[in-house]
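A.B. asks:
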Amino acid sequence: MSIEIRQQKRQSCPIVVCDHCGQPITEATNGNYEWKMGGSGPVYFTHKDCCREFEEAHGGTLAWNCCGLGVFSIYLDANLRVNREKEMERAAMLAQIGR
13 MSIEIRQQKR QSCPIVVCDH CGQPITEATN GNYEWKMGGS GPVYFTHKDC
63 CREFEEAHGG TLAWNCCGLG VFSIYLDANL RVNREKEMER AAMLAQIGR
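When we follow the working numbering, the leftmost residue of the sequence shown carries the number 13, and every step to the right adds one.
This is the structure:
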């Protein structure tokens, strides 16, 4: 799973990196998260343009499920029972500390 922390200005920011080309995915509309058919296992991230090549290099397209990256955090937040409003306030406060 390619989630990394990168320094941007004076802040440590999480980013998603494509597991195929190694470049950051900078817009959710340009990315997928993928997992092997059959359920449990690691999650991989790809640019939409890298999806097919990634799958072909790792068992073929029929071996994979994928979904648009935009919904990943929504599903993850729901599974973690995140209170988005409260965490947005906390993130804003932490951003102010870093300035």
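Think of the CB as a built atom: it goes at the ideal place given N, C-alpha and C, for glycine as much as any other residue.
Confirm, please, whether the CB-CB distance from ASN77 to TRP141 is below 8 Å.
C.D. replies: Outside the shown range of the chain, which is 13 to 111, sits residue 141, and nothing can be said about it.
A.B. asks: For GLU39, tell me which candidate among ALA90, MET105, PHE84 and ASN91 has the shortest Cα-Cα distance.
C.D. replies: By one-based count along the sequence shown, residue 39 stands at place 27. Checked all of ALA90, MET105, PHE84 and ASN91; the closest Cα to GLU39 is PHE84.
A.B. asks: So the candidates are ASN91, TYR56 and MET100; which of them puts its Cα closest to the Cα of HIS32?
C.D. replies: Working through the sequence shown from its first residue, we reach residue 32 at position 20. With distances taken between Cα atoms, HIS32 lies closest to TYR56.
A.B. asks: Straight-line CA distance for PRO26 to PRO36?
C.D. replies: Mapped onto the sequence shown, residue 26 falls at position 14. Mapped onto the sequence shown, residue 36 falls at position 24. Near 10 Å, if we compare the C-alpha coordinates of PRO36 and PRO26.
A.B. asks: Are the CB atoms of CYS79 and CYS9 within a distance shorter than 8 Å?
C.D. replies: Shown here, the chain extends from 13 to 111; a query on residue 9 therefore has no answer.
A.B. asks: Count the other CB atoms within 10 Å of the CB of TYR87; is the residue buried (16 or more) or exposed (fewer)?
C.D. replies: Taking the first residue of the sequence shown as position 1, residue 87 is located at position 75. Looking at its Cβ environment, which holds fewer than 16 other Cβ atoms inside 10 Å, TYR87 is exposed.
A.B. asks: Output yes or no for whether 8 Å exceeds the beta carbon distance between LEU81 and TYR45.
C.D. replies: Taking the first residue of the sequence shown as 1, we reach residue 81 at position 69. Taking the first residue of the sequence shown as 1, we reach residue 45 at position 33. Yes.
A.B. asks: Near GLU65, what residues of its chain come up, given a Cβ to Cβ distance below 8 Å and the 5 sequence neighbours on each side ignored?
C.D. replies: As a first step, residue 65 is located in the sequence shown; it is residue number 53 there, counting from the start. HIS32, listed in sequence order.
A.B. asks: For GLU67, count neighbouring Cβ atoms within 10 angstroms of its own Cβ and tell me buried if that reaches 16, exposed if not.
C.D. replies: In the sequence shown, counting from the first residue as 1, residue 67 sits at position 55. GLU67 should be labelled buried.
A.B. asks: Could you give the residue range of the beta strand (DSSP E) that holds ASN42?
C.D. replies: For this step, residue 42 is matched to residue 30 along the sequence shown. Neither: ASN42 is in no beta strand (DSSP E) and is coded neither H nor E.
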